[in-house]
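Some notes on the structure that comes next.
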Amino acid sequence: MNVEKEKIFQRIREGLAMPSPWPGHHGQEHAHPIASAEAVSHWLPLVGGSFEERVGLFASSSEKLRSAFHLLENEAAARAKLAEVAMAEGWTRVAAHGDGTYCGSTHAMVSALGINTLWTDTGYDVREMEKCDAGISECDALVAQTGSVVVTSRSAGGRALSVLPPHHVVLARREQLLADLPDAFALLQRKYAKGYPSFMSFITGPSRTGDIERILVLGAHGPKKLTILCW
Amino acid sequence: MKAGGASPPLLVRKMRVTLFVPCFMNALYPRAGMSIVTVLERLGHTVNFHEDIFCCGQPAFNAGYWDEARKVAGPVVEKLAADTADAIVIGSGSCGAMLKVFYRDLFANTALAAEAVAVGERTWEFSDFLVTKLGVTDVGARFPAKVTFHDGCHGLRELKVKYQPRKLLEHVQGLELVEMRDAETCCGFGGTFSAKFPAISTAMGEMKCATALETEAEYVVSNDSSCLMQIQGLVDRQRKPLKTLHIAEVLARQ
Amino acid sequence: MEGSTTFAQEFKAQAKRVAADLRHRGLIRTALTKYETARDLQKSAFQDWQGARQAAAERKWEAINHLDEHLEAFASRLEERGTKVHWASTAAQAREIFLEILKEKGARSIIKSKAMTAEEIHLNEALEKAGYSVVESDLGEYIVQLRQEAPYHIVFPAMHLTRGEISALFTEKLGSKPTDNPEELTMIAREVLRDKYITADVGITGANFAVAETGMISITENEGNARLTGALPRTMITLLGIEKIIPRLSDLALFLPMLATAGAGQALTGYNSMYAGPRQPGESDGPEEYHVVLIDNGRTHLLADAEQRDALHCIRCGACLNVCPIYRNVGGHTYGTTYSGPIGSVITPHLRGLQEWKHLSQASSLCGACTETCPVKIDLHHHLLQNRRNAVAKKPVWWEKQAFRLFGYLATRPGLMKRLLPFAGFAQYWFHGLVKGGPLDPARAWTQTRDLPAMPPLSFTDLWQAKKREARRAAEAAK
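Protein chains in written order, with my numbering: chain P, 192 to 422; chain D, 4 to 257; chain F, 24 to 502.
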């Protein structure tokens with residue numbers, strides 16, 4: 192038994208002997224239970240109910256964030272778009288993973304680029320990844336409310352694939368578009384309650400900093416570019 | 004009824020109002036205090052004033068000397084608790100906050116606990132009294148000038164006084180109200196803070212004066228004379244022509 | 024006490040210097056105006072910002088007032104999945120734990136992401152003294168580390184510097200070409216730090232939240248440096264205060280956007296990441312070993328103060344700093360503490376000593392802008408009042424006490440006041456002009472920079488009594 196832990200808990204228990212006032216009500220007693228997770232949606236920014244409204248919101252958020260969002264007809268169109276981006280950006284080496292939910296499709300799409308590819312599935316040399324022009328990954332969800340991409344170490348090829356290379360490309364499906372943050376966390380809980388990945392992340396736009404005179408600069412350490420293909 | 008007179012308060016009966024005058028208003032800004040009397044009497048209400056209570060106790064309270072504060076505030080609570088007036092009115096956000104919000108804390112667990120809370124509940128800041136309690140927004144005032152309003156922090160944040168003074172100024176004949184940038188930012192007075200940390204107080208005041216001067220208003224109006232003392236003190240030192248007035252003084256003009 | 028005057032005197036001297044610095048005033052004003060615009064826009068996007076504040080406050084109340092339960096759950100969940108959880112009562116113990124881990128792992132190169140708690144325990148100094156080199160990866164922290172100074176603001180460490188100053192700094196320390204362009208400056212730092220990420224064998228992070236239900240820590244950032252710190256090194260260590268607990272994973276849906284909105288005027292920051300342990304079987308990367316160091320360092324002392332316990336709800340967003348007119352004028356370094364601004368003024372007396380640090384609670388006009396803006400509804404400005412009261416209760420300042428007693432004597436004798444006031448007016452009229460603003464002026468604190476109003480010859484009481492006399496006379500005459 193950890194001695195220090197015991198001492199800390201002892202102090203906590205003693206400290207909590209006196210009750211503290213319920214927040215926001217000067218002097219009044221705690222009268223009602225904590226509102227549920229669903230209620231959170233009522234305070235956060237409004238999100239429409241239809242796919243059109245949600246994808247429209249995601250698109251406009253992406254624009255503000257400087258993420259490049261492309262909504263495509265089908266997988267063939269997505270494959271073409273990916274090839275177009277690869278050409279425009281002049282990629283000579285990319286990193287990707289083939290062990291996600293849509294593994295077959297992802298593997299095929301990336302292979303079709305015909306570019307030297309580092310597959311992260313069974314581990315990789317980070318110096319090799321550092322030479323890659325782009326990291327291509329799947330995701331767990333897109334969040335309309337904030338323009339975010341949800342990834343985990345299990346579904347997006349590890350922790351570094353989506354943050355080390357200077358360009359992160361996300362391959363997403365329409366059904367992965369969720370309304371808001373409460374929905375996103377609910378999804379993560381449903382999907383992974385039996386055993387969470389060691390890493391989950393909400394990616395909202397390319398890497399940025401305002402540390403110099405509060406002026407926005409992209410690509411501080413993480414990717415300078417974020418491209419999201421959704422079909 | 005005089006020409007340009009006040010809108011008759013049809014729905015409100017004649018009230019008996021006790022005016023509590025903060026110590027610095029009594030000593031330094033008596034005209035502002037008398038203006039409150041003028042306005043209330045013009046509206047047909049009776050005003051009373053207790054000559055034997057002088058200070059709400061805020062200076063000692065803010066400095067942490069609560070025993071000393073209670074010595075000063077105790078007689079105030081006792082006097083006002085025994086007073087049967089319909090309302091207690093104070094022409095100051097900070098002094099008003101003392102009675103309405105802080106007396107509860109100051110007198111908690113003392114013999115005067117219940118009276119202190121009761122006094123607070125019957126106390127009104129002047130502009131809040133007119134607009135919220137009496138339902139009056141036009142007091143028949145006339146003051147042709149360009150004016151900007153400074154929100155005293157206690158009135159704004161402790162007493163939620165924001166729209167009331169503006170509503171009243173809107174109905175003053177000939178008055179042009181312009182909002183200054185950062186109207187809600189503290190002027191830097193803060194009571195003894197202004198003397199304990201004069202450098203910081205001055206810097207805050209300079210920023211307030213700058214935003215006030217930007218509006219090109221002739222007057223800065225507030226519901227707290229202490230704020231006005233700070234602003235006027237800096238403006239005078241800077242030899243700028245800006246003047247300050249308590250809102251009661253504006254409303255008393257005809 | 025020798026020590027107490029030093030901190031308070033230093034504060035006053037620094038405050039005086041910085042408050043008069045118009046260049047600083049302008050720079051901070053520009054930075055904070057940008058923040059305000061973004062924040063107001065983001066707040067208005069919320070359907071119910073005030074409702075969200077109340078909900079956030081309630082969840083933090085739940086977390087802190089059942090801290091032992093939630094901390095136990097948090098630690099157990101982490102340990103179940105292979106994380107080593109350490110407990111430190113003091114800063115010294117925490118530093119010791121770090122040194123032990125580093126020694127055991129034979130650490131050679133350490134990369135660190137932003138952690139105010141690490142500032143609090145002076146971790147970098149201790150590691151450097153033991154021979155380790157620690158590189159700050161957050162751009163703002165990296166800049167102040169190069170300048171060998173403390174962060175200026177808990178969220179924007181380099182807020183006080185211009186691009187010109189940063190360029191000069193980089194030229195001096197890194198040998199880079201001078202440039203006026205913030206993008207180029209950022210790229211210089213990015214280049215330098217790239218290699219450090221890849222070669223570091225230990226990554227140290229802080230945490231914004233600790234989720235009890237699922238045993239995760241959550242890190243909020245914009246740059247991606249924390250993600251890299253938590254992805255590449257073989258050993259990852261997270262340091263956090265015990266008060267960072269929130270009960271459920273779903274609570275993050277509320278706290279993450281509120282932190283981003285209040286802290287930076289963003290809907291969400293660039294990366295919000297949850298860490299549940301070291302690399303799991305089947306995962307392709309991640310640290311082999313994960314350590315979480317939980318620290319008390321005075322937090323249980325604050326917990327025991329039921330009146331001010333809500334100060335532990337703080338999510339370190341920095342909003343109170345941004346709106347505080349004192350902070351804007353004296354700047355972050357003047358406070359001389361890890362946590363500055365209103366929250367720092369409230370908690371530092373509890374963490375470091377009331378009598379030595381009460382001056383921070385006194386240096387406030389109690390305007391309440393902090394309380395109004397706090398996303399978790401901490402009663403900040405009232406706590407400053409309570410600190411003042413507590414300090415006096417334990418140790419009143421003799422001459423202040425006498426002054427308030429004298430004032431009390433006079434204030435409860437209005438008849439006496441009435442007779443004395445004219446003397447004040449007389450003295451002011453005839454003598455004040457001679458000493459005004461100089462060393463003999465009793466009102467010097469005011470008159471150095473401001474004019475005093477001329478004392479009117481008649482007080483309100485005088486005018487009131489005159490009015491009554493007039494009314495009586497009129498009533499007599501009417502009879």
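Glycine included, each C-beta is placed from N, C-alpha and C at the ideal position.
Exercise. Measuring CA to CA, which of F:K57, F:T113 and F:L55 is closest to R3 (chain F)?
Worked result: Summary: the structure shown does not reach residue 3 (chain F), with chain F confined to residues 24 through 502, and so no result is reported for it.
For this session: Rounded to whole angstroms, what's the CA-CA distance from L362 (chain P) to T53 (chain F)? Just pull it up for me.
Result: Counted from its first residue, the first sequence places residue 362 (chain P) at position 171. Counted from its first residue, the third sequence places residue 53 (chain F) at position 30. Here the alpha carbons of T53 (chain F) and L362 (chain P) stand approximately 40 Å from one another.
Problem set entry | DSSP-derived helix/strand/coil call for K418 (chain F) | The residue given as residue 418 (chain F) occupies position 395 in the third sequence. In the structure shown, K418 (chain F) sits in coil (DSSP, three-state: anything other than H, G, I, E or B).
Exercise. Per the contact definition of three or more C-beta pairs closer than 8 Å, is the region 156-171 of chain F in contact with the region 415-422 of chain P?
Worked result: no
Exercise. List, in order along the chain, the chain F residues whose C-beta lies closer than 7 Å to that of R240 (chain D)?
Worked result: What you label residue 240 (chain D) is simply residue 237 of the second sequence in a count that begins at 1. The answer, in chain order, is T472, R473 and D474.
For this session: Mind listing the chain D neighbours of I401 (chain F)? Cutoff is C-beta to C-beta under 9 Å, in chain order.
Result: Counted from its first residue, the third sequence places residue 401 (chain F) at position 378. Under the 9 Å cutoff, chain D gives no residues; its nearest Cβ is about 14 Å from I401 (chain F).
Exercise. Just checking my contact of L208 (chain F) with F393 (chain P) at CB under 8 Å: how many whole Å lie between their CB atoms?
Worked result: The count along the third sequence starts at 1 and reaches residue 208 (chain F) at position 185. The count along the first sequence starts at 1 and reaches residue 393 (chain P) at position 202. That belief does not hold up - the Cβ atoms of L208 (chain F) and F393 (chain P) are roughly 28 Å apart, past 8 Å.
Exercise. Roughly how many whole angstroms lie between the Cα atoms of A502 (chain F) and L443 (chain F)?
Worked result: Here residue 502 (chain F) is taken as the residue at index 479 of the third sequence, counted from 1. Here residue 443 (chain F) is taken as the residue at index 420 of the third sequence, counted from 1. In the sequence as displayed, the identity of residue 502 (chain F) is Lys instead of Ala. Taking the straight line from one Cα to the other gives about 37 Å.
Problem set entry | Check whether H174 (chain D) and T195 (chain D) have beta carbons under 8 Å apart | The sequence position of residue 174 (chain D) within the second sequence is 171, counting from 1. The sequence position of residue 195 (chain D) within the second sequence is 192, counting from 1. No. Outside cutoff.
For this session: Report the neighbours of V193 (chain P) on chain F: residues whose CB is nearer than 9 Å to its CB, in chain order.
Result: Taking the first residue of the first sequence as 1, we reach residue 193 (chain P) at position 2. Per the sequence shown, the amino acid found at residue 193 (chain P) is Asn instead of Val. In chain order: V108, H109 and W110.
Exercise. Using a C-beta cutoff of 8 Å, does N410 (chain F) count as contacting chain P?
Worked result: For the purposes of this step, residue 410 (chain F) is identified with residue 387 of the third sequence, where counting begins at 1. So no, N410 (chain F) is outside the interface.
Problem set entry | CB contact check: Q367 (chain P) to chain F, cutoff 8 Å | For the purposes of this step, residue 367 (chain P) is taken as residue 176 along the first sequence, with counting starting at 1. Not closer than 8 Å to any Cβ of chain F, the Cβ of Q367 (chain P) fails to qualify, so no.
Problem set entry | Simplified DSSP assignment, three categories, for R302 (chain F) | Counted from its first residue, the third sequence places residue 302 (chain F) at position 279. DSSP places R302 (chain F) in coil when its eight states are reduced to three.
Problem set entry | Cβ of L208 (chain F) within 8 Å of any chain P Cβ | Locating residue 208 (chain F) in the third sequence gives position 185, counting from the first residue. True, the Cβ-Cβ gap to chain P drops below 8 Å.
For this session: Please list the partners that D55 (chain D) has in chain F, where partner means a Cβ-to-Cβ separation under 7 Å.
Result: Stepping through the second sequence from its first residue, residue 55 (chain D) is reached at position 52. For a Cβ distance threshold of 7 Å, residue set P437 of chain F lies close to D55 (chain D), ordered along the chain.
Exercise. Using a beta-carbon distance below 8 Å, is G348 (chain P) in contact with chain F?
Worked result: Numbered from 1 along the first sequence, position 157 holds the residue referred to as residue 348 (chain P). True, the Cβ-Cβ gap to chain F drops below 8 Å.
Exercise. What are the boundary residues of the alpha helix (DSSP H) that S197 (chain D) is part of?
Worked result: Along the second sequence, one-based indexing puts residue 197 (chain D) at 194. That run of the alpha helix (DSSP H) goes F196 to K199.
Exercise. Counting contacts by CB-CB distance shorter than 8 Å, is P210 (chain P) in contact with chain F?
Worked result: Residue 210 (chain P) sits at position 19 when you count from the first residue of the first sequence. Output row for P210 (chain P): interface = yes.
Exercise. Using a beta-carbon distance below 8 Å, is K418 (chain F) in contact with chain D?
Worked result: Here residue 418 (chain F) refers to the residue found at position 395 of the third sequence. No, no contact with chain D.
For this session: Tell me whether E128 (chain D) is buried or exposed, calling it buried when 16 or more other Cβ atoms sit within 10 Å of its Cβ.
Result: In the second sequence, the residue the question calls residue 128 (chain D) occupies position 125. Burial check for E128 (chain D): the Cβ neighbour count within 10 Å reaches 16 or more, so the residue is buried.
For this session: Report all residues from its chain with a CB closer than 6 Å to the CB of R345 (chain P); omit the five preceding and five following residues, and keep chain order.
Result: Numbered from its first residue, the first sequence carries residue 345 (chain P) at position 154. For R345 (chain P), where only same-chain residues beyond five positions count, the Cβ hits under 6 Å are P388.
Problem set entry | Residue from F:E214, F:V178, F:G391 and F:T357 whose Cα sits closest to the Cα of R40 (chain F) | Numbered from its first residue, the third sequence carries residue 40 (chain F) at position 17. For the residues F:E214, F:V178, F:G391 and F:T357, the minimum Cα distance to R40 (chain F) belongs to F:T357.
Exercise. Quick one, which residues of the region 189-207 of chain F are near chain P if we go by CB-CB under 8 Å, in chain order?
Worked result: I189, P205 and E206
Problem set entry | Neighbour flag for E205 (chain P) against chain F, beta carbons, 8 Å | Taking the first residue of the first sequence as 1, we reach residue 205 (chain P) at position 14. So, interface residue.
Exercise. Which residues does DSSP pair with Q176 (chain D) in a beta bridge?
Worked result: Within the second sequence, residue 176 (chain D) is the residue found at index 173, counting from 1. Note: Q176 (chain D) sits in a beta bridge opposite D:R145.
Exercise. Does the pairing of the region 328-347 of chain F with the region 154-170 of chain D give three or more beta-carbon distances under 8 Å?
Worked result: no
Problem set entry | Test: G391 (chain F) CB closer than 8 Å to a CB of chain D | Taking the first residue of the third sequence as position 1, residue 391 (chain F) is located at position 368. Yes - at least one Cβ of chain D is within 8 Å of the one on G391 (chain F).
Exercise. Within 10 angstroms of its Cβ, does W84 (chain F) collect 16 or more other Cβ (buried), or is it exposed?
Worked result: Here residue 84 (chain F) is taken as the residue at index 61 of the third sequence, counted from 1. It counts as buried.
For this session: Return no unless some Cβ of chain P is closer than 8 Å to the Cβ of F3 (chain F).
Result: A query on residue 3 (chain F) cannot be resolved here, the shown segment of chain F reaching from 24 to 502 and no further.
Exercise. In three-state DSSP terms, what is L162 (chain D)?
Worked result: Position 159 of the second sequence, counted from the start, is the residue given in the question as residue 162 (chain D). Residue state, collapsed to three classes: coil.
Exercise. In the region 333-349 of chain F, which residues sit with their C-beta less than 8 Å from some C-beta in chain D, listed in chain order?
Worked result: When CB distances to chain D are screened at a threshold of 8 Å, the residues of the region 333-349 of chain F falling below it are P348 and I349, in chain order.
Exercise. Residues in its own chain within less than 7 Å of A42 (chain F) by CB, not counting five upstream and five downstream?
Worked result: Locating residue 42 (chain F) in the third sequence gives position 19, counting from the first residue. Around A42 (chain F): N352 and V353.
Exercise. In chain P, which residues lie with their C-beta within 9 Å of the C-beta of T357 (chain F)?
Worked result: Here residue 357 (chain F) is taken as the residue at index 334 of the third sequence, counted from 1. None at all; the shortest Cβ gap to chain P is about 21 Å.
Problem set entry | Candidates F:V215, F:P174 and F:Y175, of which the one nearest T194 (chain F) by Cα | Here residue 194 (chain F) is taken as the residue at index 171 of the third sequence, counted from 1. Measuring from the Cα of T194 (chain F), the nearest candidate turns out to be F:V215.
For this session: Could you list which residues in chain P have their beta carbon closer than 8 Å to that of D224 (chain F), in chain order?
Result: Locating residue 224 (chain F) in the third sequence gives position 201, counting from the first residue. Those within 8 Å of D224 (chain F) in chain P number zero; the least Cβ separation is about 12 Å.
Exercise. Could you give the residue range of the beta strand (DSSP E) that holds K196 (chain F)?
Worked result: For the purposes of this step, residue 196 (chain F) is taken as residue 173 along the third sequence, with counting starting at 1. Counting along the chain, K196 (chain F) falls outside any beta strand (DSSP E), though it belongs to the alpha helix (DSSP H) covering R186 to L197.
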